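Notes to accompany the following structure.
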Amino acid sequence: MKVASFNINGIKARLPRLIEWLEETRPSVACLQEIKSQDEGFPAEEFEKIGYKAVWHGQKSFNGVAILADGEQPVEVRRGLDGEPEDDHSRYLEAQVFGVRVACIYLPNGNPQPGPKFDYKLRWMKRLRARMAEIAAEEVPAVVLGDFNVIPEDKDVWSIKAMSDDALMQPESRDAYFRLINDGWTDAIDLHNPRGGVWTYWDYQAGAWQRDHGFRIDHALLSPDLADRL
């Protein structure tokens, strides 16, 4: 089983590239973030043409997550997190597919920090931890996958100085991330790249891609039984 994550930043604008990527890489499961589409506007039929079935949790113009599966219909388990009934951001979607619980997340960015957006990020991470504890208690194979908007360690960024004031790598963000790890989840990328230097994001400005000025904010956290199979 091959799982992948893709912050698409607007599914309608990038649909042709997304279809091309799916056909080239053929992941068993793909988690999408920032689809920026209402539920009724999600292009499910385009994915069905190439053999993918989907569940999605949309929102007009902002946020939104989806789970695609190659040849199997994901069965939705939950959308959204408990803890703040007034939170209407579409950032969390959980489904059962191929015998695995898959949670697709788009964690709040948190900038500027300090401030309300950063406080919301930390509260959201606390709510995520509570849900992950519930999944762990079910003792099902599980992966929590997506854009965490957290740079876990200094080895996960091209320049510590350049990002030192960013919400992505504040001590509070990192502490919240490592609480998830300490609860028994395994960072799949870090497991196989312990020295770091693996980037999942490059700014589109100032030639960041060309100069390899990136950082790692997209993660796959595995339950113990899945980590053993990696």
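Residue numbers (the numbering used here): 14 to 243. Just so it is clear, CB atoms sit at the ideal spot from N, CA and C, and this is done for glycine as well. As the structure is a computational prediction, the values presented were derived from the model and not from experiment.
Status (buried if at least 16 other CB within 10 Å, exposed otherwise) for residue i
i, result
"glycine 96", "exposed"
"glutamine 218", "exposed"
"serine 74", "exposed"
"tryptophan 198", "buried"
"serine 236", "buried"
"tryptophan 222", "exposed"
"alanine 189", "buried"
"histidine 232", "buried"
"asparagine 195", "exposed"
"valine 170", "buried"
"arginine 208", "exposed"
"valine 88", "exposed"
"leucine 120", "buried"
"alanine 143", "exposed"
"alanine 175", "exposed"
"leucine 204", "exposed"
"serine 50", "buried"
For residue i: DSSP bridge partner residues
i, result
"leucine 235", "Val156, Thr199"
"aspartate 83", "Tyr65"
"tryptophan 20", "Looking at the sequence provided, one finds asparagine at residue 20 rather than tryptophan. Gln46."
"valine 170", "Phe228"
"tyrosine 214", "Phe228"
Which of helix, strand or coil DSSP assigns to residue i
i, result
"glutamine 223", "helix"
"lysine 62", "coil"
"arginine 114", "strand"
"arginine 30", "helix"
"glutamate 37", "helix"
"histidine 102", "coil"
"phenylalanine 191", "helix"
Residue i and residue j closer than 9 Å at C-beta
i, j, result
"leucine 141", "glutamate 185", "no"
"lysine 62", "leucine 81", "no"
"glycine 123", "alanine 57", "no"
"phenylalanine 19", "leucine 31", "yes"
"valine 157", "leucine 234", "yes"
"cysteine 44", "valine 115", "yes"
"arginine 229", "valine 211", "yes"
"proline 165", "aspartate 216", "no"
"cysteine 117", "alanine 155", "no"
"phenylalanine 60", "glycine 71", "no"
"valine 16", "proline 40", "yes"
"tryptophan 137", "aspartate 100", "yes"
"phenylalanine 111", "glutamate 151", "no"
"asparagine 76", "glutamate 53", "no"
Range covered by the beta strand (DSSP E) that runs through residue i
i, result
"tyrosine 105", "105 to 110"
"alanine 43", "42 to 46"
"arginine 208", "That residue, arginine 208, is in no beta strand (DSSP E); it is neither H nor E in DSSP."
"arginine 91", "88 to 92"
Where the alpha helix (DSSP H) through residue i begins and ends
i, result
"alanine 149", "129 to 151"
"lysine 73", "Here lysine 73 belongs to no alpha helix (DSSP H), and DSSP marks it neither H nor E."
"isoleucine 173", "173 to 176"
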